[in-house]
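Numbering (UniProt numbering), first residue to last: 1 to 330.
Ideal Cβ placement from N, Cα and C applies to all residues, glycine included.
Below is one structure; the comments refer to it alone.
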């Protein structure tokens, strides 16, 4: 006896034993059976998945920002995003989602099939199959982002594109995708190029693995912009993981820490020198301040103010350089 055999579309082999599928695989089959058109089914599911995961992950951080108790773990405790800032950020994010990401997502099914990716097919891949693939995508995206992010700090690229993302010197979860549409497209390439290239060369990738990867990538990006460093944050257990503490410095000081998930590229490239010097000096100064929480907080505020002031000068220099180049061209 086969599952839902009376409505099984021509996409599926009629002889397949659907009763042998797992619950998730039956839902997958039912979705494509219900929609009927695989391009429409994939596009709709992909966009809904992205929106639900993105805003679903942001909601806990919005709640945390509203509760004073959590300020003790806030990396820049004096800078709490206001409801107005969060709403302005949300509007820009939604604009990018609908104007940039939606068209790409909608065309993803035919593009995926060109690269040989499985989409509507069941059974779904196992965790054992997906784990090394997702790990590889994390490494590829991190390397791509490292170089692309540095390019976005180049004069004209920064002035006309990346500056929008640096509006918040103390980032918050919603700001993970607060960016110029061009930046969304540039950095988003690193997220989808890894899976597509892997699929092209191996011929073995299911879009379900892509969904797992994008879900984890969104969690990583949002958490990195959360502005909080909890004792249970992942970087305290995996020293090579970047985390919010690593990326928060980039927004505060403008320079250093261009990677997303890992610290390797910044360490190898020497683009974490100021960050490591700052962390070392701050740790030593806190030690000299003694056990007084008030004195330690005062030292931290001083160091943050100095780092942010230096960052503002560096940003102004990049914009000045870009303006001069534009003037010379004209």
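Nearest-angstrom Cα separation, counted from residue j out to residue i
i, j, result
"residue 73", "residue 236", "14 Å"
"residue 172", "residue 203", "38 Å"
"residue 259", "residue 21", "40 Å"
"residue 96", "residue 17", "42 Å"
"residue 36", "residue 103", "20 Å"
"residue 254", "residue 311", "5 Å"
"residue 137", "residue 251", "25 Å"
"residue 198", "residue 271", "28 Å"
"residue 64", "residue 107", "36 Å"
"residue 174", "residue 313", "26 Å"
"residue 11", "residue 141", "33 Å"
"residue 47", "residue 196", "18 Å"
"residue 302", "residue 71", "18 Å"
"residue 29", "residue 128", "22 Å"
"residue 2", "residue 19", "For residue 2, the predicted structure reports a pLDDT of 40, less than 50, and the residue's modelled location is therefore unreliable. A value from the coordinates is still provided. Rounded to whole angstroms, residue 2 to residue 19 spans 6 Å at the Cα level."
"residue 276", "residue 285", "14 Å"
"residue 315", "residue 153", "9 Å"
"residue 161", "residue 123", "42 Å"
"residue 158", "residue 151", "8 Å"
"residue 77", "residue 14", "60 Å"
"residue 83", "residue 234", "28 Å"
"residue 201", "residue 27", "29 Å"
"residue 299", "residue 223", "26 Å"
"residue 112", "residue 135", "20 Å"
"residue 114", "residue 68", "51 Å"
"residue 221", "residue 268", "22 Å"
"residue 291", "residue 163", "39 Å"
"residue 8", "residue 265", "A caution first: residue 8 carries a pLDDT of 42, below 50, which makes its placement in the model unreliable, though a value can still be read off. So the two alpha carbons sit approximately 49 Å from each other."
"residue 59", "residue 287", "36 Å"
Nonlocal neighbours in the same chain, by C-beta distance under 7 Å from residue i, ignoring five residues either side
i, result
"residue 155", "318, 321, 322, 325"
"residue 75", "227, 228, 229, 244, 245, 248"
"residue 274", "253, 255, 256"
"residue 130", "209, 212"
"residue 80", "65"
"residue 100", "181, 184, 185"
"residue 55", "none"
"residue 45", "31"
Start and end residues, alpha helix (DSSP H) containing residue i
i, result
"residue 331", "Here the chain comprises residues numbered 1 to 330, so residue 331 is not present and cannot be evaluated."
"residue 28", "23 to 35"
"residue 106", "102 to 106"
"residue 278", "273 to 288"
"residue 193", "181 to 202"
"residue 61", "38 to 65"
"residue 156", "155 to 160"
"residue 258", "No alpha helix (DSSP H) holds residue 258; DSSP gives it neither H nor E."
"residue 291", "Note, residue 291: premise wrong, no alpha helix (DSSP H); not H, not E."
"residue 139", "127 to 152"
"residue 232", "Unbroken run through residue 232: none, as it is neither H nor E."
"residue 334", "This structure cannot speak to residue 334, because the chain is shown only from 1 to 330."
"residue 269", "264 to 269"
Contact under 8 Å by Cβ, residue i with residue j
i, j, result
"residue 208", "residue 110", "no"
"residue 289", "residue 295", "yes"
"residue 32", "residue 41", "yes"
"residue 232", "residue 261", "no"
"residue 225", "residue 176", "yes"
"residue 93", "residue 178", "yes"
"residue 43", "residue 105", "yes"
"residue 206", "residue 281", "no"
heavy atom of the ligand ATP below 7 Å from residue i C-beta
i, result
"residue 162", "This structure lacks the ligand ATP; in fact it carries no ligand of any kind."
Residues near residue i by beta carbon distance below 6 Å, same chain, minus five either side
i, result
"residue 219", "57"
"residue 61", "173, 226"
"residue 239", "none"
"residue 116", "199, 203"
"residue 263", "240, 242"
"residue 120", "11, 32, 38"
"residue 149", "258"
"residue 133", "209"
"residue 6", "For residue 6, the predicted structure reports a pLDDT of 40, less than 50, and the residue's modelled location is therefore unreliable. A value from the coordinates is still provided. So the list is empty, once near-sequence residues are dropped."
Residues of its chain near residue i, where Cβ-Cβ distance is below 8 Å and the 5 sequence neighbours each way are ignored
i, result
"residue 215", "49, 53"
"residue 51", "97"
Is it a yes or a no for the region 165 to 183 touching the region 85 to 92, going by three-plus beta-carbon pairs under 8 Å? Here the region 165 to 183 lies against the region 85 to 92, with 3 or more beta-carbon pairs under 8 Å apart.
Is the region 181 to 194 touching the region 304 to 312, taking contact as three or more C-beta pairs under 8 Å? Verdict: no, contact absent.
If you pair each beta-carbon of the region 131 to 147 with each one of the region 187 to 196, do three or more pairs fall below 8 Å? As far as the Cβ criterion goes, the region 131 to 147 touches the region 187 to 196, which means the pair count is three or higher.
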